[in-house]
Amino acid sequence: MDPEAFLDVANQVVKLKMFPYFDIAHCVLCALHVREDLGAGAQQFSRKHPMACWLSYMLVVFAGGMVANGLLAEPILAPLKNTPQLIVATLVWYVIFYTPLDIGYKIGKFLPVKVVCSAMKEIYRCKKVYDGVTHAAKLYPNAYLIMIIIGTLKGNGAGFTRLIERLIRGVWTPTAMEFMQPSFYTKSCLVASIIFILDKKTELISAPHALVYFGIVIFFVYFKLSSILLGIHDPFVPFENLLCALFFGGIWDSMAKIFGRGQIKEGESKDAKKTN
Amino acid sequence: MDPEAFLDVANQVVKLKMFPYFDIAHCVLCALHVREDLGAGAQQFSRKHPMACWLSYMLVVFAGGMVANGLLAEPILAPLKNTPQLIVATLVWYVIFYTPLDIGYKIGKFLPVKVVCSAMKEIYRCKKVYDGVTHAAKLYPNAYLIMIIIGTLKGNGAGFTRLIERLIRGVWTPTAMEFMQPSFYTKSCLVASIIFILDKKTELISAPHALVYFGIVIFFVYFKLSSILLGIHDPFVPFENLLCALFFGGIWDSMAKIFGRGQIKEGESKDAKKTN
Amino acid sequence: MDPEAFLDVANQVVKLKMFPYFDIAHCVLCALHVREDLGAGAQQFSRKHPMACWLSYMLVVFAGGMVANGLLAEPILAPLKNTPQLIVATLVWYVIFYTPLDIGYKIGKFLPVKVVCSAMKEIYRCKKVYDGVTHAAKLYPNAYLIMIIIGTLKGNGAGFTRLIERLIRGVWTPTAMEFMQPSFYTKSCLVASIIFILDKKTELISAPHALVYFGIVIFFVYFKLSSILLGIHDPFVPFENLLCALFFGGIWDSMAKIFGRGQIKEGESKDAKKTN
Numbered sequence: 002m003d004p005e006a007f008l009d010v011a012n013q014v015v016k017l018k019m020f021p022y023f024d025i026a027h028c029v030l031c032a033l034h035v036r037e038d039l040g041a042g043a044q045q046f047s048r049k050h051p052m053a054c055w056l057s058y059m060l061v062v063f064a065g066g067m068v069a070n071g072l073l074a075e076p077i078l079a080p081l082k083n084t085p086q087l088i089v090a091t092l093v094w095y096v097i098f099y100t101p102l103d104i105g106y107k108i109g110k111f112l113p114v115k116v117v118c119s120a121m122k123e124i125y126r127c128k129k130v131y132d133g134v135t136h137a138a139k140l141y142p143n144a145y146l147i148m149i150i151i152g153t154l155k156g157n158g159a160g161f162t163r164l165i166e167r168l169i170r171g172v173w174t175p176t177a178m179e180f181m182q183p184s185f186y187t188k189s190c191l192v193a194s195i196i197f198i199l200d201k202k203t204e205l206i207s208a209p210h211a212l213v214y215f216g217i218v219i220f221f222v223y224f225k226l227s228s229i230l231l232g233i234h235d236p237f238v239p240f241e242n243l244l245c246a247l248f249f250g251g252i253w254d255s256m257a258k259i260f261g262r263g264q265i266k267e268g269e270s271k272d273a274k275k276t277n
Numbered sequence: 002m003d004p005e006a007f008l009d010v011a012n013q014v015v016k017l018k019m020f021p022y023f024d025i026a027h028c029v030l031c032a033l034h035v036r037e038d039l040g041a042g043a044q045q046f047s048r049k050h051p052m053a054c055w056l057s058y059m060l061v062v063f064a065g066g067m068v069a070n071g072l073l074a075e076p077i078l079a080p081l082k083n084t085p086q087l088i089v090a091t092l093v094w095y096v097i098f099y100t101p102l103d104i105g106y107k108i109g110k111f112l113p114v115k116v117v118c119s120a121m122k123e124i125y126r127c128k129k130v131y132d133g134v135t136h137a138a139k140l141y142p143n144a145y146l147i148m149i150i151i152g153t154l155k156g157n158g159a160g161f162t163r164l165i166e167r168l169i170r171g172v173w174t175p176t177a178m179e180f181m182q183p184s185f186y187t188k189s190c191l192v193a194s195i196i197f198i199l200d201k202k203t204e205l206i207s208a209p210h211a212l213v214y215f216g217i218v219i220f221f222v223y224f225k226l227s228s229i230l231l232g233i234h235d236p237f238v239p240f241e242n243l244l245c246a247l248f249f250g251g252i253w254d255s256m257a258k259i260f261g262r263g264q265i266k267e268g269e270s271k272d273a274k275k276t277n
Numbered sequence: 002m003d004p005e006a007f008l009d010v011a012n013q014v015v016k017l018k019m020f021p022y023f024d025i026a027h028c029v030l031c032a033l034h035v036r037e038d039l040g041a042g043a044q045q046f047s048r049k050h051p052m053a054c055w056l057s058y059m060l061v062v063f064a065g066g067m068v069a070n071g072l073l074a075e076p077i078l079a080p081l082k083n084t085p086q087l088i089v090a091t092l093v094w095y096v097i098f099y100t101p102l103d104i105g106y107k108i109g110k111f112l113p114v115k116v117v118c119s120a121m122k123e124i125y126r127c128k129k130v131y132d133g134v135t136h137a138a139k140l141y142p143n144a145y146l147i148m149i150i151i152g153t154l155k156g157n158g159a160g161f162t163r164l165i166e167r168l169i170r171g172v173w174t175p176t177a178m179e180f181m182q183p184s185f186y187t188k189s190c191l192v193a194s195i196i197f198i199l200d201k202k203t204e205l206i207s208a209p210h211a212l213v214y215f216g217i218v219i220f221f222v223y224f225k226l227s228s229i230l231l232g233i234h235d236p237f238v239p240f241e242n243l244l245c246a247l248f249f250g251g252i253w254d255s256m257a258k259i260f261g262r263g264q265i266k267e268g269e270s271k272d273a274k275k276t277n
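Line order of the protein sequences matches chains A, B and C.
Each step along the first sequence adds one to the number in my numbering, with nothing skipped, and position 161 is 162.
Each step along the second sequence adds one to the number in my numbering, with nothing skipped, and position 182 is 183.
Each step along the third sequence adds one to the number in my numbering, with nothing skipped, and position 209 is 210.
Shown next as structure tokens:
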């Protein structure tokens, strides 16, 4: 592929307008997520408690913005001020939950539709991460941790509001914390945030911004599709294991085990040398 | 009744000063609510944990303002800045919980006292809903959903903070979400918010503002009193059932049932026609 | 001791720079707290879930600032904007959790180290309470309750975020509310806040500000050390019992008991007289 044409495509991806098509794709996947989270009783629940169903769905749709706003002292409800977006979201919810004979749901679950929606959602996610990092960088130009947190939350807000989302539906699952077993989305948003910060704040990445952005979009879409189509779920696992082995106790713990209790003195003197 | 005199009364109701009498009525009912929520062990609890008791009571009293502020990025503690109001609230709490031989509680529960307090609280509630809608409309002139949410929360904040209120007292009841089974107050505040928005933003309601306001006050007081005196609890139920039957699956589900599995093809083609 | 020299010392304590030594002491104790809260499985947990471990530790370290900011509509994440402080906190966490053969943890738990850290943390705590009261007083010059709340939260934030801290680690203990059984820290921060307010807003305390501040520091350090070394846990208990007996039902309840059901009429008339 011609590098210039490639850069052109990248520039166009950066400037993509999100409303309404990408919003619809995002909403479809959110509605499917809520419906699957409800399990077998989803249809009954949606008939009995339409308000709780709609509210928890809205929380999922606008999770990233709401949580990020809450943490940055901006109005939590602000993402709801865009009335056309609200109407689109509500229509999608209605179609997925209430169409006769569940046609809406069946279409949404139809593999090609799901694949297209997922790809679009990943493009949207990348934009959200980038917006989050940029916004945080404007507020706190030197607070890298805040940029990472906001970028990650904007990208995968729904993961972090899952507890509240379920609580709205009267279900409480305290062990389902995202922090305990971060999903692939959380990890990839975290990595994307770090890359955006490196691109913005340092000279380490010499590629033009559009290319960096496009690269992350491709990464997001590629792994999403391979997750749906091939069942590969988390390419970060080997890196994590390596990191844990190197820094979070793995090596030291094994060494302590090898030397055992009998040779504890030797082990201690060795370790003491290393900590100096 | 003379229409002009009626309008005069309405105008006076709009301008009613709330502090201190309406505040006292509100506080009395909040204290009774906390005490009843504590059940049989209320007195013992208030002796052992006065601080938790007082804090959860304060949360109930100022719930609407606090939650609305939290969602609009205004200081959650701001409702506590009015020291005279705080002192009145604390005194009411003391009288209901700690007077000798429980005289305060018995007076508060005495039917005529309760009726008067309830009527006053409903007038107060109407003012809060109106203030909430107005405030949200100032911040987001086109965000109707935000106005409705803030109006409803200001009107029936205590319903939405119940989980936190109980948590302060060390009790966790995740299934008691207001969204799952919205109380009559939530529904009526929602309807009142919508009417206020129609009055403010559209030309649909031609009556003068004072009359609209007064009408809602009468509606609130009337249903509150009929709930206390006659045991009518929720005049919205028939409308809800109708709504559910029309829009949230009722009809389609019944049709799908009637046509059954045997004639599923016919049903599908029929539905397909209707969705066009 | 020479009074002037004493005032000199007091003035120096007021102006003490907190970063980095006091921060380190604070972080060490926070890390020990998280580790002890994890119980026997602490080491395993820190190996399996380093992110949840780190996040819940960070919440403990910055609890006071975050909660106070959340309640005053300031950015909850703002305490994380200070990157050097973050790095120090992360290093301390790493040393306590991951050093080979647990040397970091063992050093942290070594009594003399713990005593020094505790004393430093109490000096830090006093500064935080004072800063909290001052900050709230700037925002709401007449809202004494808000000043007390913010002062107490800044001083003992970790007590109030315990539920969230545990939730991040996937554990939910709704009965562990600080309000139900306030710890000594909460009570002493509350008292310190009230003294600071009296010093700032009234003429009741004629001593110079530095002396008042120093007095509170001494009080904090003294009781912390006596708690570690002598096992005295809560010098407020007798005062609380007195308060409860006087104001929160103690006397009235006993009297009602003494007069009993048989003489209830007499009791009632007596009480009625007293309430006049």
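Each residue gets a CB set at the ideal place from its N, CA and C atoms; glycine is no exception.
For the alpha helix (DSSP H) that contains N242 (chain A), what are its first and last residues? V238 to F248 is the extent of the alpha helix (DSSP H) around N242 (chain A).
Suppose you measure from the CA of C190 (chain A) to the CA of C127 (chain A); what does that come to, to the nearest Å? For C190 (chain A) and C127 (chain A), the distance between alpha carbons rounds to 8 angstroms.
For chain C, find out if any of its Cβ atoms is closer than 8 angstroms to the Cβ of A74 (chain A); answer yes or no. yes
In whole angstroms, give me the CA-to-CA distance for H27 (chain C) and Y22 (chain B). 48 angstroms
Mind checking the region 162-186 of chain C against chain B and listing, in chain order, the residues whose C-beta falls within less than 7 angstroms of any C-beta there? P175, T176, M178, F180, M181 and P183
For Q13 (chain C), decide whether its Cβ has a neighbour in chain B, counting only Cβ atoms nearer than 8 angstroms. For Q13 (chain C), the answer is no, since every Cβ of chain B falls outside 8 angstroms of its Cβ.
Could you name the residues of the region 145-160 of chain B whose beta carbon sits closer than 9 angstroms to any beta carbon of chain A, in the order they occur along the chain? Within the region 145-160 of chain B, the residues whose Cβ lies closer than 9 angstroms to some Cβ of chain A are Y145, L146, I147, I150 and I151, listed in chain order.
Hey, is T285 (chain A)'s beta-carbon within less than 8 angstroms of any beta-carbon in chain B? This structure cannot settle anything about residue 285 (chain A), because the visible part of chain A is limited to 2 through 277.
Exposure label - L168 (chain C); buried when at least 16 CB within 10 Å: buried
Classify T176 (chain A) as buried or exposed, calling it buried when 16 or more other Cβ atoms lie within 10 Å of its own Cβ. exposed
Is the CB of L60 (chain B) under 8 angstroms away from at least one CB in chain C? no
Near T187 (chain C), what residues of its chain come up, given a Cβ to Cβ distance below 7 angstroms and the 5 sequence neighbours on each side ignored? T153, N157, G160 and E179
Which same chain residues, not among the five before or five after F237 (chain A), have their C-beta less than 6 angstroms away from its C-beta? Excluding sequence neighbours, F237 (chain A) sits near K188.
State yes or no: is the beta carbon of A32 (chain B) nearer than 8 angstroms to at least one beta carbon in chain C? no
What's the gap between the Cα of C245 (chain A) and the Cα of D254 (chain A)? 11 angstroms
Just to confirm, is the Cβ distance from L146 (chain B) to L92 (chain A) under 8 angstroms? no
Closer than 6 angstroms by C-beta to C54 (chain A): which residues in its own chain qualify, once you throw out the five before and the five after it? Chain order, please. S47
Closer than 8 angstroms, CB to CB, is W253 (chain A) near chain C or not? yes
Mind checking if F249 (chain C) is an interface residue toward chain B, Cβ cutoff 8 angstroms exclusive? yes
Buried or exposed, going by whether 16 or more other CB atoms sit within 10 Å of the CB of P183 (chain A)? buried
Where does N12 (chain C) fall in DSSP's three states? helix
Is the beta carbon of W94 (chain B) less than 8 angstroms from the beta carbon of Y125 (chain B)? no
Below 7 angstroms CB to CB, which residues in the same chain sit around I195 (chain C) once its five sequence neighbours on both sides are set aside? Within the same chain, I195 (chain C) has close Cβ partners I149.
Start-to-end residues for the alpha helix (DSSP H) that takes in R36 (chain A): Y22 to L39
Would L36 (chain C) pass as a contact of F111 (chain C) if the rule is Cβ separation under 8 angstroms? This sequence places Arg at residue 36 (chain C); Leu is not what is there. Not a contact, by the Cβ cut-off of 8 angstroms.
At least three beta-carbon pairs within less than 8 angstroms, the region 203-217 of chain C to the region 135-146 of chain C: The region 203-217 of chain C vs the region 135-146 of chain C: no contact.
May I have the straight-line CA-CA distance separating A74 (chain C) from P4 (chain B), to the nearest angstrom? Each residue's alpha carbon lies about 46 angstroms from the other.
Excluding five sequence neighbours on each side, which residues of the same chain lie with their C-beta closer than 6 angstroms to the C-beta of K122 (chain C)? The residues A26, H27 and L30, in chain order, have a CB closer than 6 angstroms to that of K122 (chain C) in the same chain once the five nearest residues on each side in sequence are set aside.
For A74 (chain C), name the three-state secondary structure that DSSP assigns. Assigned with DSSP and collapsed to three states, A74 (chain C) falls in coil, not helix or strand.
Closest to M19 (chain C) by C-alpha separation, out of C:V89, C:G40 and C:M52, would be which residue? C:V89
For G251 (chain B), the nearest candidate out of A:T135, A:F63 and A:D103 (CA to CA): Nearest of A:T135, A:F63 and A:D103 to G251 (chain B), Cα basis: A:D103.
Residue environment, H50 (chain C), which counts as buried when at least 16 other CB atoms sit within 10 Å: It is buried - the Cβ of H50 (chain C) has at least 16 other Cβ atoms within 10 Å.
Let me make sure I understand the geometry here. Which of C:L60, C:A41, C:N242 and C:M181 has the alpha-carbon closest to that of V172 (chain B)? If we check each option's Cα against that of V172 (chain B), C:M181 comes out closest.
From this set, B:V218, B:L231 and B:K225, which residue's C-alpha is nearest V14 (chain B)'s C-alpha? B:V218
Which of helix, strand or coil does DSSP assign to G105 (chain A)? helix
For F7 (chain C) and V61 (chain A), the rounded distance between their alpha carbons: C-alpha separation (whole angstroms): 59 angstroms.
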